[in-house]
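Asker: Residue numbers for the sequence shown follow the UniProt record's numbering, beginning at 1 and rising by one.
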Amino acid sequence: MRAMVERQVPDHGSGCPGEADLRLLDQWNTLQSGFRRLTDELLADVDRQAGIAPSEFQVLWYLLTSTTEQSAPMNQLAATLNFTTAGTTKVADRLSEAGLITRQPSPTDRRVVLAALTEKGQEVAMAAALALAAALRERVVAPMGPDAFAALADRMRELDPNPPRPCR
1 MRAMVERQVP DHGSGCPGEA DLRLLDQWNT LQSGFRRLTD ELLADVDRQA
51 GIAPSEFQVL WYLLTSTTEQ SAPMNQLAAT LNFTTAGTTK VADRLSEAGL
101 ITRQPSPTDR RVVLAALTEK GQEVAMAAAL ALAAALRERV VAPMGPDAFA
151 ALADRMRELD PNPPRPCR
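(1) One question on the structure: do Ala72 and Leu63 come within less than 9 Å of each other, judged by their Cβ atoms?
(2) Alpha carbon to alpha carbon, how far is Met1 from Asp26?
(3) Quick check: the segment 83-92 against the segment 151-158, are there 3 or more CB pairs under 8 Å?
(4) Just checking, does the segment 116-125 make contact with the segment 67-86 on the three C-beta pairs under 8 Å criterion?
(5) For Asp40 versus Arg139, is the C-beta spacing smaller than 9 Å?
(6) When you compare the CB positions of Phe83 and Ser55, do they come within less than 9 Å of one another, or not?
(7) Tell me which same chain residues have a C-beta within less than 7 Å of the C-beta of Leu136, skipping the five on either side of it?
(8) Does Ala128 pass the burial test, meaning 16 or more other C-beta atoms within 10 Å, or should it be called exposed?
(9) To which residues of the same chain is Gln122 closer than 8 Å at the C-beta, ignoring the five residues directly before and after it?
(10) What span of residues does the beta strand (DSSP E) with Gln104 cover, start to end?
(11) Which residue or residues does DSSP assign as beta-bridge partners of Leu117?
(12) Assuming Pro146 is part of the alpha helix (DSSP H), what are its boundary residues?
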């Protein structure tokens, strides 16, 4: 059930939002800046523990969790992860050189290039996922408590009911 949010008409003479809107905007700023900073810290922990840069982890995690074949078209990776085409290619080049993914033409459409996890890529992705889980426990679950963390995740799921699921 969604609560009604109080809305205050701004004072057009000053051009500023009213108090209710200022509170709402402050709450949003707290959420988005906190999530961004926390995400940066968590991904830095993954990099330190597993040696995987944040953009590389995002690609490996997507391939591991979002597809049953553990492969995806390069353009789908770019669109889903909000990477540029060139940025996706650079990350894929690094992952391919490290032996973590392969790139091959699609068997059904030769214009499409598929990125797929290798066995080594699966192992590295799982190690990085375990490093992320440990960092989450330390940085988020321990300070908040498991019930508060679960409640926060449940509330966020109301806004995004179909997020990618790990290892499914």
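Beta carbons: idealized from backbone N, C-alpha and C, even for Gly.
Bear in mind that the values here come from a model prediction, so they are computed numbers and not experimental data.
Answerer: In short, the structure shows the following:
(1) yes
(2) Residue placement at Met1 cannot be trusted, given a pLDDT of 43 that sits under 50; the coordinates are not used to answer.
(3) no
(4) yes
(5) no
(6) yes
(7) Leu42
(8) buried
(9) Leu64 and Gln70
(10) Ile101 to Pro105
(11) Ile101
(12) Pro146 to Leu159
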